[in-house]
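Input: a single structure, listed below in structure tokens.
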Amino acid sequence: MHDRKYLRECPEIARQSLATRGEEFARKIDRFLEIDVERRRQQTELDELRSERNSASKEIGQLMKEGRKAEAEDRKSYTRTVNARIEQLEAQHGMLADEEEEILLGLPNFPDPSIPVGPEGNQVEIKLVGEPKQFSYPARDHMELCQNLHLANFEAGSRITGSGFPVMHGNGAVLQRALIMLMSDIHVLRHGYTELRVPFMVHPRSPLGTGQLPKFGSEMYHVYVDKKLNEEDGEGGPHYYLIPTAEVPVVNYYREQILEQPSFPIKFMAYSPCWRVEAGSYGKDAKGLTRLHQFEKVELVRICDPEDGLKQLEEITADAEHILEVLGLAYRRIVLPSGDMAFGSAKTYDLEVWCPGEQAWREVSSASLTTDWQSRRANIRYRSEPGGKPLFPHMLNASGLALPRLMIAVLETYQNEVGNVVLPEVLHKYMPHASILTPPEAGAPPMI
RNA sequence: GGAGAGUUGGCCGAGUGGUUGAAGGCGGCUGCCUGCUAAGCAGUUAUACGGUGAUAUAGCCGUAUCGAGGGUUCGAAUCCCUCACUCUCCGCCA
């Protein structure tokens with residue numbers, strides 16, 4: 003959410019900035035400015051009327067005390083007419099305020115000047131680390147490896163829940179757990195993050211704070227608690243969203259709070275499952291583990307001084323990259339163009355890992371600086387000195403990393419000629435029983 | 001799930017219709033005094049929005065906020081209704 007005062011004072015800059023994300027946003031700013039003037043005019047009038055009422059009420063109290071009943075009654079009837087006017091104005095003012103709020107919540111963040119302008123496809127590669135692995139024999143893709151080595155069961159997932167909800171099986175499940183451990187350990191022990199264990203369902207105020215609501219409600223799974231769920235007002239009892247990323251609960255950890263002289267940056271790490279509706283995304287990218295309705299992820303969040311946001315983005319991105327380096331995977335970092343960023347982001351780096359079986363780069367992390375746009379929405383503030391004015395910090399988030407696509411890269415990169423997977427050294431201590439993934443032994447549970 | 005209690009300013013804690021944004025205490029800040037590892041005295045101490053101002057994150061004025069929303073009233077922290085949350089006991093359970 004943007005600062006109203008800023009929009010008022012620098013409408014041209016705001017308009018131009020948001021136009022790089024879509025023309026409709028520039029128009030919304032115009033509408034905002036229009037409403038804002040009228041809303042303030044009404045508020046001033048309302049304040050005056052209320053002031054009038056307040057002083058009249060005090061007078062009445064005084065008159066009553068002195069026993070001057072007739073005069074008091076006279077004042078009362080006058081105040082009633084003032085009240086009628088207040089009521090009428092309040093209704094108008096309320097509607098304008100609601101519309102203004104709606105517009106503000108519907109405006110994306112300002113893109114950082116350093117990023118490329120344009121739609122999806124205009125991204126720029128920043129760097130490439132490692133050599134995309136090539137094989138002297140036909141490399142298998144992860145689907146085939148999962149099938150042959152009994153690592154993931156897609157049919158069972160469909161049977162249990164539906165497509166996009168695979169079951170990780172045997173060593174596939176263990177490998178995933180090992181990766182979670184590896185990543186968590188590195189972020190907590192080496193990168194200095196504080197680990198949080200957070201709720202996986204959140205009430206609506208939380209995704210409003212991070213920016214998924216109100217615009218992107220249909221991309222989250224919605225959970226209703228009791229039978230009143232279909233009431234027309236939509237307020238029929240508690241309802242929650244399944245988190246699409248741990249960013250939602252972690253960022254909301256400090257919602258509505260004022261941090262007293264925090265030592266920035268604050269760094270949080272949280273592992274969680276994530277649920278995404280991904281409606282209409284059935285296509286070639288939806289095969290196997292590439293795009294799921296439920297997946298797991300280790301998430302990083304940083305809260306920092308507003309002066310420091312861009313530098314923190316470099317650091318948090320490097321923290322995510324470190325995982326890929328430790329695993330010996332080839333990756334590239336790209337900076338997203340204005341038209342392709344998440345709603346709340348000012349600058350986003352995507353990390354793409356090389357998946358040799360598919361001969362493709364797959365996004366395993368997205369690191370974003372949401373500046374004060376997100377802290378404003380979530381109303382997270384801090385004071386840099388005692389008694390100082392509360393300020394909005396900058397917020398950052400990065401996947402560090404997403405499990406399914408990381409699994410794809412690990413399996414495809416470390417496969418050998420006979421179709422086994424020889425896991426890299428760093429994973430050995432997390433799965434000492436199986437440093438080489440091989441086809442199941444006789445007697446293992448069937449994967450059907 | 002059942003029964004009960006509660007939700008007031010940074011904290012503790014008064015306050016059942018009228019200058020209560022809110023007593024008192026603690027903590028914080030400022031000044032005075034004292035000269036000693038302290039105490040005393042006085043003052044001050046919320047957030048948001050709007051207006052004014054200068055354009056500065058000063059000052060001044062106003063409005064709103066005593067868990068949230070609605071109602072009664074000229075006027076509500078105080079009365080009524082709905083909801084949320086917290087705590088205690090019981091039940092249930094991983």
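In the numbering used here, the protein residues as written are 3 to 450.
All C-beta atoms, glycine included, are put in the ideal place defined by N, C-alpha and C.
Residue i versus residue j - alpha carbon distance
i           : j           : result
residue 12  : residue 33  : 15 Å
residue 95  : residue 110 : 25 Å
residue 240 : residue 314 : 37 Å
residue 383 : residue 101 : 25 Å
residue 21  : residue 27  : 6 Å
residue 148 : residue 174 : 8 Å
residue 57  : residue 83  : 15 Å
residue 164 : residue 297 : 14 Å
residue 379 : residue 281 : 26 Å
residue 288 : residue 172 : 23 Å
residue 362 : residue 326 : 16 Å
residue 47  : residue 87  : 10 Å
residue 444 : residue 431 : 26 Å
residue 262 : residue 336 : 36 Å
residue 259 : residue 381 : 7 Å
residue 516 : residue 440 : Here the chain has residues from 3 to 450 only, and residue 516 is not among them.
residue 268 : residue 198 : 12 Å
residue 18  : residue 320 : 31 Å
residue 442 : residue 449 : 10 Å
residue 290 : residue 186 : 25 Å
residue 137 : residue 332 : 14 Å
Exposure of residue i, with buried meaning 16 or more beta-carbon neighbours within 10 Å
i           : result
residue 373 : buried
residue 16  : buried
residue 123 : exposed
residue 40  : exposed
residue 456 : The structure shown does not extend to residue 456, since the chain is modelled only from 3 through 450, so no value can be given for it.
residue 234 : Low confidence applies here, because residue 234 scores a pLDDT of 38, under 50, leaving its location unreliable; read the following figure in that light. When all chains shown are included, residue 234 counts as exposed.
residue 188 : buried
residue 396 : buried
residue 152 : buried
residue 4   : buried
residue 300 : buried
residue 342 : buried
residue 207 : exposed
residue 217 : exposed
residue 8   : exposed
residue 144 : buried
residue 1   : This structure does not reach residue 1, given that the chain is present from 3 up to 450, and the question cannot be answered.
For residue i, the three-state DSSP class (helix, strand or coil)
i           : result
residue 114 : coil
residue 148 : helix
residue 83  : helix
residue 270 : strand
residue 349 : strand
residue 433 : coil
residue 236 : Any reading at residue 236 is ruled out, since the residue's pLDDT is 41, under 50, leaving its predicted position unreliable.
residue 333 : strand
residue 390 : coil
residue 419 : coil
residue 369 : strand
residue 290 : coil
residue 212 : helix
residue 203 : strand
residue 179 : helix
residue 397 : strand
residue 60  : helix
residue 217 : coil
residue 93  : helix
residue 313 : helix
residue 20  : helix
residue 188 : helix
residue 323 : helix
residue 438 : strand
residue 328 : helix
residue 75  : helix
residue 122 : coil
Which residues DSSP lists as bridging residue i, in chain order
i           : result
residue 261 : 384
residue 297 : 276
residue 241 : 226
residue 170 : 154
residue 357 : 362
residue 127 : 336
Contact test: residue i Cβ vs the ligand ZN heavy atom, cutoff 7 Å
i           : result
residue 252 : This structure simply doesn't include the ligand ZN, nor any ligand for that matter.
- Report yes or no: do the region 125-134 and the region 272-283 share at least 3 C-beta pairs separated by less than 8 Å? no
- Item | the region 347-364 / the region 406-421 touching (three or more Cβ pairs under 8 Å) | yes
- Message: Whether or not the region 246-255 and the region 416-432 are in contact is what I'm after, with contact meaning three or more pairs of Cβ atoms, one per stretch, closer than 8 Å; do they touch?
- Response: no
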